[in-house]
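Heads up, the sequence shown is in the working numbering, so the first residue is 316 and it goes up one at a time.
Just so it is clear, CB atoms sit at the ideal spot from N, CA and C, and this is done for glycine as well.
Bear in mind the structure is a predicted one, so any value in this text is a computation, not a measurement.
Report on the structure given below.
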Amino acid sequence: MAEKVNYFKVGKFVTTRGLKGELKVYSHTDNIERFLDLKSFYVGNNRDELFNVERVSILSPNMVVLKLKGFDTIESVQRFINKYIYVSREDVYALDEDEMLIVDMLGMSVVTVDGDAIGELVDVLQYTANDVYVVKNESGKEYLIPATYEIIPEINIKENKIVVDPIPGLLD
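Structure (structure tokens):
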């Protein structure tokens, strides 16, 4: 399995708000409230400069207003527009026992309940109803597998595998 990703994109600066250095941030997470606990972050690929958060307020289900410490004018924050916010793995919000980061699932082997190999998890499509796992086999064929408890009865982190109980026609 590939090396673990250590920095995660959580949002994008889209515009300024007001004249006192506030920025609107479009969330790239499924939990907008994670921004309320955000203390510091990196911008873009620069891991040498850590920016500290003064305050955050939620505007909508996918937008927050963020104020940085030491940036008090609209001119001082212009350079952040259209840049991405990254947090380190240590600053990712706590996951529930049955949750894991998608990036940590990619590359897992996918097998049926009978032990037959299906392929490798290459992507996760996120929809309102449920996620869909994109699994590719060695010959390049892709399968779209709904991530429901009925079809995915087990995700075994220790063995790095996902177990599928396929319904008729799912793997045709």
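_Could you tell me the alpha carbon to alpha carbon distance between Phe356 and Lys456, rounded to whole angstroms?_
If I take the Cα positions, the gap works out to 39 Å.
_Distance check for Val392 and Asn452, CA to CA, integer angstroms please._
As the crow flies, the alpha-carbon of Asn452 is around 47 Å from that of Val392.
_Could you compute how far the alpha carbon of Leu486 sits from the alpha carbon of Val449?_
Taking the Cα positions, Leu486 is about 12 Å away from Val449.
_Cα-Cα separation, Tyr401 to Tyr458_ = Going from the Cα of Tyr401 to the Cα of Tyr458 covers about 31 Å.
*Which residue's Cα is closest to the Cα of Asn397: Ser403, Asp429, Lys324?*
Comparing Cα positions, the closest option is Lys324.
*Is Ile389 helix, strand or coil by DSSP?*
Secondary structure at Ile389: helix, using DSSP grouped into helix, strand and coil.
*Through-space distance from Glu369 to Lys473, alpha-carbon basis*: A straight line joining the alpha-carbon of Lys473 with that of Glu369 spans about 39 Å.
*Tell me, please, which residues DSSP counts as bridged to Asn471.*
Paired residue(s): Lys476.
*Helix, strand or coil: which one does DSSP assign to Asp438?*
Correct three-state label for Asp438: strand.
_Asn321 - DSSP class collapsed to helix/strand/coil_ = Note: Asn321 maps to coil in three-state DSSP.
*For Gly484, count neighbouring Cβ atoms within 10 angstroms of its own Cβ and tell me buried if that reaches 16, exposed if not.*
Around the beta carbon of Gly484, fewer than 16 other beta carbons lie within 10 angstroms, which makes this residue exposed.
*Would DSSP call Ile396 helix, strand or coil?*
The answer is coil: DSSP assigns Ile396 none of H, G, I, E or B.
_Distance CB(Val258)-CB(Leu351) smaller than 8 Å_ = Only positions 316 to 487 of the chain appear in the structure, and residue 258 is not among them; the question remains open.
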